[in-house]
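Note sheet for the following structure.
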Amino acid sequence: MSAVIECDSVVKQFGALKAIDGLTFSVEAGEVFGMLGPNGAGKTTMVRLINGLLAASGGRLRTLGFDPITQGDRVRAHTGVLTETPSLYERFSARDNLLLFGRLYHVAPEKLTGRVDAVLRDLGLAERARDKVGGYSKGMKQRLAIARALLHEPQILFLDEPTAGLDPEAARHVTDLIEKLSREGGRTVLLATHNLTEAQRLCDRVAVLNQGRALAVGTPAQLSRDLWRSTWLDVELRGVNGGAPTDRLLAQVRAVPMVKAAAMEGHSLSLQVESEEAIPQMVAHLVRLGAQIVRVNPREHTLEEIYFALQEQAEKAV
Amino acid sequence: MNWNIILTIAMKDLREVRANKMAWMPALIVPLIFVVVMPLLLIVGPQLLPIPAEELNREMGDLDAMMNALPPDLLAQIRGLQGLQIWIVLLAGFMFAPMFLIIPLMLASVVGSESFVGERERKTLEALLYTPATDRELFLGKVVAAVVPAVLITLFSFAAYTLVVNVSAYPVMGRVWFPLVTWWPLVLWVAPAIATLGMAASVLISSRVSSFMEAYQSTGMLVLPLLFLMIGQITGLISLSVVFMLGLGGIIWGIDAVLLYLGVAQFKRAELIARL
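These protein sequence lines are chains A and B, in that order.
Residue 374, in this note's numbering, is where the first sequence stops; the numbers in between run on with no holes.
Residue 379, in this note's numbering, is where the second sequence stops; the numbers in between run on with no holes.
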């Protein structure tokens, strides 16, 4: 895998305000990368910087190997962006919107109508392709904006708050669509969102931002390990040495050096161990103690827990 | 620079204007009034009114002072004409000239305002800024959309005006007498300069206003110098000779160059995105 976006200590200043404050991360080809953060964290500014709409005040930025400041047109020829507002020509039909942007994105004239028909079909808009966009629902406008971003088959797809303002049904439809797009054809997707459920479902790696700084960058599992440095296990038992689980077993488990905490409720034993690497050893130990194990579930922290833990840490640090 | 992109943007802007009745209706009604309604009223009207020839000659005689201030080439056009003939030549051939310049000014500022401010007002600009089109291509696309149709419609209006004036005045003049020589620099040199001025002004105003109507009203202020031109001419202060037209056009083109330079400097993605 190679990096298609490289940000190294990027700074963007608007007057006295530092919108981006030394941000460093890279996005690998084919991954779905999430930029998570509250409003004003710098997500949209980063999308604009990466695409050469804004010039960075400091640091180094490369998109597909190009410098977005001096080679912005070349960068934008290979990227597709879903902006926070759909930014569609509402007096034109969906088809005319796409034909216009197809020309602006240099789609070959002989391929253009075929390509427009294909994306309209893929996004479920073919039947209303000739209707004026002004009469579309919010969800349909969002799908059309995604169709526009995909029209020229970009190498990197940027999605800025793709489900913001949509009702739950439309939001789910759009998220399903993004999942399908990101898994098909190995497209690189950069998702800027504050919707953590959406990010949890879609992202391979995330950068958690706060006030233009990256609080952490990595896979959710890496971030979880870095934050808590231990793993909780839920162990379901049938019994111990032919009988019901007893307090004796709990005491024996607590005595194991790798166990940091343990609790038992009925046939369920909860354990906190030092790391994921300790799980096989722990299971072997329980078996030696006579436990009949039905199921072992490592308890994973949700992205939401990770996100709030990081934001809290950042607040405490101020 | 890719002219396909420039023309695509220009065509898109014109389609947007076409969809906005508030924008194009006044822009179409004004030329219609100047080209058809007013000349017909002022040329055909006196022919239908039973004004005795002596009275008309006496009235025209009162305009001697003004006629003395006319440029020699126009005086040559009037020499030997009688009553209503002088009225027609002075009015249709002379007084209407500055009014005619309102057509390119209005058309260019309507399209300019719609294209530069309307795009921001409707929140469609951001998607355009994410395309590979360069700042210069985007700017030129909008310039072409505002200036080229304004100049073409002015030329078409001029052709229609020539037809209306010659046909309606034929019973009095007995010959095809229009256009006068002063109209050629007016239409081919001053009108394009005025169209460019209307467009350049809307570019600069676009950064200071938030709606199409605000921009359109602000550029409407440019009509004032044209009215001064007309008043100056009626009072004999200015004479719209060929040399004057060439000089006036030169000055306006000079102002255009400065305004366009400022407009290009202002039309940068980073500036535009910051104002969204």
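Where a beta carbon is used, it is the ideal one built from N, C-alpha and C, also for glycine.
Give the secondary structure of residue i by DSSP, where H, G and I count as helix, E and B as strand, and everything else as coil.
| i | result |
| --- | --- |
| Phe214 of chain A | strand |
| Gln267 of chain A | coil |
| Thr244 of chain A | strand |
| Leu289 of chain B | helix |
| Ile341 of chain B | coil |
| Leu327 of chain A | strand |
| Ala72 of chain A | coil |
| Ser82 of chain A | strand |
| Asp64 of chain A | strand |
| Leu138 of chain A | strand |
| Gly114 of chain A | strand |
| Lys226 of chain B | coil |
| Val312 of chain B | coil |
| Met320 of chain A | strand |
| Lys188 of chain A | strand |
| Thr119 of chain A | strand |
| Ala272 of chain A | strand |
| Ser149 of chain A | strand |
| Asp77 of chain A | strand |
| Gly352 of chain B | helix |
| Lys245 of chain B | helix |
| Tyr161 of chain A | coil |
| His208 of chain A | coil |
| Phe364 of chain A | helix |
| Trp280 of chain B | coil |
| Val419 of chain A | As shown, chain A starts at 57 and ends at 374. That puts residue 419 of chain A outside it, with no answer to give. |
| Leu237 of chain A | helix |
| Pro149 of chain B | helix |
| Asn51 of chain B | The question about residue 51 of chain B has no answer, for chain B in this structure spans 104 to 379. |
| Leu204 of chain B | coil |
| Arg378 of chain B | coil |
| Met104 of chain B | coil |
| Gln185 of chain B | coil |
| Ser216 of chain B | helix |
For residue i, list the residues DSSP reports as bridge partners.
| i | result |
| --- | --- |
| Gly295 of chain A | A:Gln348 |
| Asp290 of chain A | A:Ser326 and A:Asn353 |
| Arg261 of chain A | A:Phe89 |
| Val315 of chain A | A:Val329 |
| Ala226 of chain A | Ala226 of chain A pairs with nothing; no bridge assigned. |
| Arg249 of chain A | The sequence given here has Thr at residue 249 of chain A, not Arg. Thr249 of chain A is bridged to A:Leu92. |
| Ala59 of chain A | A:Glu84 |
Comparing C-alpha positions only, which one of the options sits nearest to residue i?
| i | options | result |
| --- | --- | --- |
| Gln369 of chain A | A:Leu265, A:Leu293 and A:Thr358 | A:Leu265 |
| Leu160 of chain A | B:Leu283, B:Ala248, B:Trp190 and B:Trp106 | B:Trp106 |
| Asp260 of chain A | A:Gly115, A:Glu360, A:Leu233 and A:Ser238 | A:Ser238 |
| Leu138 of chain A | B:Glu229, B:Ile136 and B:Ile146 | B:Glu229 |
| Glu360 of chain A | A:Arg132, A:Gln198 and A:Ala255 | A:Ala255 |
| Gly352 of chain B | B:Val147, B:Ser310, B:Arg182 and B:Leu300 | B:Leu300 |
| Phe219 of chain B | B:Ile108, B:Thr322 and B:Gly335 | B:Thr322 |
| Leu283 of chain B | B:Ile355, B:Leu193 and B:Leu151 | B:Leu193 |
| Phe281 of chain B | B:Thr257, B:Leu379 and B:Ala263 | B:Ala263 |
| Val262 of chain A | A:Lys68, A:Val339, A:Val88 and A:Val60 | A:Val88 |
What distance in whole Å lies between the Cβ atoms of residue j and residue i, which are believed to be in contact at a cut-off of 8 angstroms?
| i | j | result |
| --- | --- | --- |
| Met302 of chain B | Gly221 of chain B | Incorrect: roughly 14 angstroms between the Cβ atoms, too far for contact. |
| Thr100 of chain A | Glu140 of chain A | 6 angstroms |
| Val326 of chain B | Ile205 of chain B | 6 angstroms |
| His341 of chain A | Gly93 of chain A | Their Cβ separation, rounded to whole angstroms, is 41 angstroms, which puts His341 of chain A and Gly93 of chain A out of contact at 8 angstroms. |
| Ser286 of chain A | Glu356 of chain A | Not a contact, Cβ separation roughly 13 angstroms. |
| Thr244 of chain A | Ala85 of chain A | 6 angstroms |
| Asn107 of chain A | Thr135 of chain A | 6 angstroms |
| Ala113 of chain B | Val120 of chain B | No, Ala113 of chain B and Val120 of chain B are not in contact; Cβ-Cβ is about 11 angstroms, not under 8 angstroms. |
| Glu298 of chain B | Ala211 of chain B | In the sequence under discussion, the amino acid at residue 298 of chain B is Ala, which differs from the Glu named in the question. Between Ala211 of chain B and Ala298 of chain B the Cβ distance is about 4 angstroms, and since that is below 8 angstroms, they are a contact. |
Mind listing the chain A neighbours of residue i? Cutoff is C-beta to C-beta under 7 angstroms, in chain order.
| i | result |
| --- | --- |
| Lys115 of chain B | Leu156 |
| Ala122 of chain B | Arg147 |
Can you pull the chain A neighbours of residue i, defined as C-beta to C-beta under 9 angstroms?
| i | result |
| --- | --- |
| Pro252 of chain B | Neighbours of Pro252 of chain B on chain A: none; closest Cβ ~18 angstroms, over 9 angstroms. |
Below 7 angstroms on C-beta distance, what does residue i contact in chain B?
| i | result |
| --- | --- |
| Tyr161 of chain A | Thr234 and Pro235 |
| Asn95 of chain A | Within 7 angstroms Cβ-Cβ: nothing; Asn95 of chain A doesn't reach chain B, min ~16 angstroms. |
| Ala133 of chain A | Pro235 |
| Ser143 of chain A | Lys226, Thr227, Glu229 and Ala230 |
| Arg186 of chain A | By Cβ distance, chain B contributes nothing, its closest Cβ being about 15 angstroms from Arg186 of chain A, past 7 angstroms. |
Check the Cβ of residue i against every Cβ in chain B and list those closer than 8 angstroms, keeping chain order.
| i | result |
| --- | --- |
| Leu105 of chain A | Per Cβ cutoff of 8 angstroms: no residues; Leu105 of chain A is ~10 angstroms from chain B at best. |
| Ser380 of chain A | Here chain A comprises residues numbered 57 to 374, so residue 380 of chain A is not present and cannot be evaluated. |
| Asp129 of chain A | Pro235, Ala236 and Thr237 |
| Arg204 of chain A | Ala230 |
So which residues on chain B does residue i lean against when the C-beta distance must stay under 9 angstroms?
| i | result |
| --- | --- |
| Leu432 of chain A | Past the boundaries of the shown model lies residue 432 of chain A; chain A is included only from 57 to 374, so the question cannot be answered. |
| Arg118 of chain A | The premise fails here: Arg118 of chain A is roughly 17 angstroms from chain B at the closest Cβ pair, so nothing lies under 9 angstroms. |
| Val137 of chain A | Glu229, Ala230 and Tyr233 |
Would you mind telling me which residues of chain A sit closer than 8 angstroms to residue i, beta carbon to beta carbon, in chain order?
| i | result |
| --- | --- |
| Ile109 of chain B | The contacting residues do not exist; Ile109 of chain B stays about 11 angstroms from chain A at best. |
| Glu119 of chain B | Tyr145 and Arg147 |
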